[in-house]
Every structure is written in C-alpha cells, then in structure tokens.
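Step one of this worksheet: look at the structure below.
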Amino acid sequence: MNSSPSSFKYSENNLLKKLQGYFYLMKPRVMILVIFTAFVGMMIAPGSVSPINYFFVLLSITLGAGSSAAINMWFDEDIDKTMERTKTRPIPLGIISKTEALIFGILTGIISLYIMYYVSNVLATSLLLFTILFYVVIYTIWLKRMTSLNIVIGGAAGAIPPIIGWATVVPEISFLPVMMFLIIFFWTPPHFWALSVYRFNDYEKVKVPMLPNVKSISDTKNQIVYYTILLVILSYTPIYSNLIGYLYFVIATVLNIVLVQNAFKLKKTQEIKDTPNKEGLRFFVLTIFYLFSLFSAMLIDNIILL
C-alpha cells in the first residue's frame, strides 16, 4: 500500500507545516497496516509482556516503518515530483528538504532499534533492522527501478511486522507467524499491481518498471488473479495452528469469495486510452480492507478460543 497526502491541506503556520511534513514523510497510511499486523502478531503469540512493553514495541515498529518511508522519499525525490500520485509529498513541495528527510530517516531508525532492543530481545531487534535495511537497500535503491519483480520481492519488508510482533513475546519463529508473513507477502503484488493498473501512465512517465509497463495491463490483470488465488489458499493455513479456530475459517471464506470475484471483475475490464481504470483503484482499496479484516478475524478468533 502506498501513501500520499494529496488530499491534505497544509497549515499556513510554518512550524505546523514543518511538523506535518515530517509526519507525512513516515507514510502514515501505510504505517497503520504495519502497526496493526505487528499488533496481531503480538496478541496471538502464546505469552505476554507488560502493557508498557506492548506500547514501546509498537512505538519502535512505528519509528522503524517511518524511518524506511522517509529514506524512501529521500531517494525517490526525482520521481515523486513527477508522478501525479506523489507530487504533493513533503519533499517535492519543498516543505522538507532532502537532507532533512535523510537525517530524520536515519535518526528515527536508530531510535527505533534502540527502543526495540531495550524493551524486547535480540531476535526482534534483528528482524526490525533487517526490515528497515531490506526496504531501503533491496527494494528502494535496487529493485524498484531495476525490475518488474520489485513488488514481488520487495513485499517481504512489509510482511515481516507480524513476525516481529510475535518475536517480542516469544523469541522464536514458528508456524503461525511464518504463515502470517506469507499471507502478506502474496497479498502485496495484487495490491500494488491493481494500483499500477489504475496509475499506469504515472509509472510509464517516470520509467519505473512496474508490471503493466514491462509486460502489459492484460498480463498484469492475469497475474493479479493468479496471486489472489495463491493468497486465498494461504489464508487458510492459520487454521492448522492450535491458536486459530473455525470462526476465522468462516470469516476468511467470506472475504475470499469477495476478493476472488473482484479480481475476475478487474480482469474482465476493458482499458480506455488515457483514462485510468477505476476498477484497479477499487480492487486496491478492497485489498486493504481484506488484509485488515483477515488479521482482525485471526485476533478475534484467538481471543474467543482462549
């Protein structure tokens, strides 16, 4: 998922505008799902930590995600100022300079790792460090501008938070958090590809090799369907854990029916020259609702099961 403050009006007060700029550097819309999936991982893990630790762990993950986002915007300033979707981000608007964004990203990253290490354990801290570095170095600097597999491989960074959340409670990696990782990992390509179908001209303009620009929109729609089917299959794997029961199965089935129906609906749409495919945007939004609902179902089922 991506974030842009395009519909947000900045304050006329220079100090408030600056603060708003730093806030939007952290891609708060993206951060909501990151924090939530990490929270679900923490809550489902068979164990507990003190309430204050829950707070500081989530704060650490928030700062870590914000660090990655800020450095991403620092590196992508040249394309952000050109793309319609991103041209109102803080750096293109001149609210935050590139240097300020880089310093902010580095500092928030260091603080996030310090907090995680202080309130949690080495495994969780290592996973958080890996996530930040993977998103910045592997995805942003390398994959994004090099290959149409950018989203497929790069999606690993956004899929790790539930494992981090789990590891802060139980310092080991086991079946359920790995399945949560795989669900998000296979959710990411159809989520982003739907947006790239809608924003085809944006990515074409800046020569970012998203799948519709490298292959075709038709092929991208097919890939969305294939990945959606894989996602649906993976969505049932948490049931094989003794921490998730059949309430989750029922909710997941309803969600999966809706998701598959809409994937095929997007596949059947016809492109109109120079006109954004609004069905791509609808599917993009639906995938956000899907992932939030699926993880909510895990959490609710786990609470009832206990």
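According to this note's numbering, the sequence shown holds residues 24 to 329 in order.
Using N, Cα and C, we set each Cβ at its ideal position, and we do this for glycine too.
Tell me which residues share the same chain as Ala320 and place their Cβ nearer than 8 Å to its Cβ, disregarding the 5 neighbours each side in the sequence. By 1-based counting over the sequence shown, the position of residue 320 is 297. Closer than 8 Å at Cβ, skipping near neighbours: Leu270, Tyr271, Ile274, Ala275 and Leu278.
Sequence-distant residues of its chain with Cβ nearer than 8 Å to Leu199 (five each side left out): Mapped onto the sequence shown, residue 199 falls at position 176. Same-chain partners within the cutoff: Ile67, Trp189, Pro261, Ser264, Leu266 and Ile267.
Considering Met96, what are the terminal residues of the alpha helix (DSSP H) in which it resides? The residue labelled residue 96 in the question sits at position 73 within the sequence shown. Where Met96 is concerned, the enclosing alpha helix (DSSP H) stretches over Pro74 to Phe98.
Near Ser29, which residues of its chain fall below 6 Å by C-beta distance, leaving aside the five closest residues on each side in sequence? Residue numbering aside, residue 29 sits at position 6 when the sequence shown is read from its first letter. Bear in mind that the predicted position of Ser29 carries a pLDDT of just 46, short of 50, making it unreliable; the figure below should be weighed with that in mind. Cβ neighbours of Ser29 beyond the five flanking positions: Thr111.
I think Leu130 touches Ile187, with their Cβ atoms under 8 Å apart; what is that distance to the nearest whole Å? Translated into positions along the sequence shown, residue 130 becomes position 107. Translated into positions along the sequence shown, residue 187 becomes position 164. No, Leu130 and Ile187 are not in contact; Cβ-Cβ is about 20 Å, not under 8 Å.
What are the residues that DSSP puts in a beta bridge with Ile295? In the sequence shown, residue 295 corresponds to position 272, counting from 1. Beta-bridge pairing links Ile295 to Thr298.
Would you report the Cα separation of Met96 and Leu86, rounded to the nearest angstrom? In the sequence shown, the residue the question calls residue 96 occupies position 73. In the sequence shown, the residue the question calls residue 86 occupies position 63. Going from the Cα of Met96 to the Cα of Leu86 covers about 15 Å.
Is Leu42 closer than 8 Å to Ala93 when the C-beta atoms are compared? Taking the sequence shown and counting its residues from 1, one reaches residue 93 at position 70. Taking the sequence shown and counting its residues from 1, one reaches residue 42 at position 19. No, the pair does not count as a contact, with Cβ atoms beyond the cut-off.
For the alpha helix (DSSP H) that Ile134 lies in, which residues bound it at each end? Residue 134 sits at position 111 when you count from the first residue of the sequence shown. Per DSSP, Ile134 is one residue of the alpha helix (DSSP H) stretching across Lys121 to Val142.
CA-to-CA distance, Tyr162 to Ser90, given in whole angstroms: Taking the sequence shown and counting its residues from 1, the one referred to as residue 90 is at position 67. Taking the sequence shown and counting its residues from 1, the one referred to as residue 162 is at position 139. Taking the straight line joining both Cα atoms gives about 14 Å.
Here's the rule: buried if 16 or more other CB atoms are within 10 angstroms of the residue's CB, otherwise exposed. What is Leu81? For the purposes of this step, residue 81 is taken as the residue at position 58 of the sequence shown. Leu81 sits buried, since 16 or more C-beta atoms from the chains shown fall within 10 Å of its C-beta.
Once you ignore the five residues that flank Glu100 on each side, which residues in its own chain have a CB closer than 6 Å to its CB? Counted from its first residue, the sequence shown places residue 100 at position 77. So the list reads Ile114 and Lys121, once near-sequence residues are dropped.
Please go through the same chain and pick out, in chain order, the residues whose beta-carbon is closer than 6 Å to the beta-carbon of Leu234, but skip the five residues on each side of it. As a first step, residue 234 is located in the sequence shown; it is residue number 211 there, counting from the start. Here the set comprises Ser171, Trp216 and Thr243.
Considering Cα atoms alone, identify which of Gly178, Lys296 and Val237 is closest to Tyr250. Residue mapping note: residue 250 aligns to position 227 of the sequence shown, counting from 1. Restricting attention to Gly178, Lys296 and Val237, the CA atom closest to the CA of Tyr250 is found in Gly178.
What does the Cβ neighbour count give for Glu35, buried or exposed, with the cut at 16 atoms within 10 Å? For the purposes of this step, residue 35 is identified with residue 12 of the sequence shown, where counting begins at 1. It counts as exposed.
Would you call Asn245 buried or exposed, if buried means 16 or more other Cβ atoms sit within 10 Å of its Cβ? The residue you call residue 245 lines up with position 222 of the sequence shown. By the 10 Å Cβ count, Asn245 comes out exposed.
Give the straight-line distance between the Cα atoms of Phe98 and Ile84, rounded to the nearest whole angstrom. One-based indexing of the sequence shown puts residue 98 at position 75. One-based indexing of the sequence shown puts residue 84 at position 61. Answer to the nearest angstrom: the Cα atoms are 21 Å apart.
Counting C-beta neighbours from all protein chains within 10 Å, is the total for Lys230 16 or more, i.e. buried, or is it exposed? The count along the sequence shown starts at 1 and reaches residue 230 at position 207. Label assigned to Lys230: exposed.
Measuring alpha carbon to alpha carbon, tell me which residue in Leu38, Val53, Lys40 and Asn37 is nearest Val308. As a working mapping, residue 308 is identified with position 285 in the sequence shown. For Val308, the nearest C-alpha among the options comes from Val53.
Give the DSSP-derived three-state secondary structure of Met9 in the structure shown. Only positions 24 to 329 of the chain appear in the structure, and residue 9 is not among them; the question remains open.
Quick check on Leu289: does DSSP put it in helix, strand or coil? Stepping through the sequence shown from its first residue, residue 289 is reached at position 266. Three-state result, Leu289: helix.
Report, in whole angstroms, the separation of the C-beta atoms of Thr60 and Pro213, which I expect to be a contact under 8 Å. By one-based count along the sequence shown, residue 60 stands at place 37. By one-based count along the sequence shown, residue 213 stands at place 190. That pair is no contact at about 17 Å.
In the structure shown, what three-state DSSP assignment does Gly44 receive? To locate residue 44, count along the sequence shown from 1; it is residue 21. Three-state result, Gly44: helix.
From this set, Lys288, Ile295 and Met202, which residue's C-alpha is nearest Val63's C-alpha? The residue given as residue 63 occupies position 40 in the sequence shown. Looking at the Cα atoms, Met202 is the closest of the given residues.
Taking just the CA atoms, how far does Phe46 sit from Val145? Stepping through the sequence shown from its first residue, residue 145 is reached at position 122. Stepping through the sequence shown from its first residue, residue 46 is reached at position 23. For Val145 and Phe46, the distance between alpha carbons rounds to 28 Å.
Phe315 - DSSP class collapsed to helix/strand/coil: Reading the sequence shown from its first residue, position 292 is the one you call residue 315. Of the three classes helix, strand and coil, the one that applies to Phe315 here is helix, per DSSP.
Excluding the 5 residues preceding and the 5 following Ala182 in the sequence, name in chain order all residues of the same chain whose CB lies nearer than 6 Å to its CB. Here residue 182 refers to the residue found at position 159 of the sequence shown. Phe204, Ile207 and Phe208, listed in sequence order.
Could you check if Met169 is buried or exposed, using at least 16 other CB atoms within 10 Å of its CB as the buried criterion? Stepping through the sequence shown from its first residue, residue 169 is reached at position 146. Its Cβ having fewer than 16 others within 10 Å, Met169 is exposed.
So the alpha helix (DSSP H) Asn236 belongs to, where does it begin and stop? As a position in the sequence shown, residue 236 is number 213, starting the count at 1. Unbroken alpha helix (DSSP H) run through Asn236: Leu234 to Val237.
Taking the alpha-carbon of Lys228 as reference, which of Thr105, Ile75, Pro74 and Ala88 has the nearest alpha-carbon? Here residue 228 is taken as the residue at index 205 of the sequence shown, counted from 1. Of Thr105, Ile75, Pro74 and Ala88, the residue nearest in Cα terms is Thr105.
Leaving out five residues before and five after Tyr77 in sequence, what residues of the same chain have Cβ atoms less than 7 Å from its Cβ? For the purposes of this step, residue 77 is taken as the residue at position 54 of the sequence shown. Excluding residues within five positions, the ones whose Cβ falls inside 7 Å are Met65.
Pairwise C-alpha distance: Phe315 and Thr258: Looking up residue 258 in the sequence shown gives position 235. Looking up residue 315 in the sequence shown gives position 292. Residue identity check: residue 258 is Ser in the sequence provided, not Thr. Taking the straight line joining both Cα atoms gives about 13 Å.
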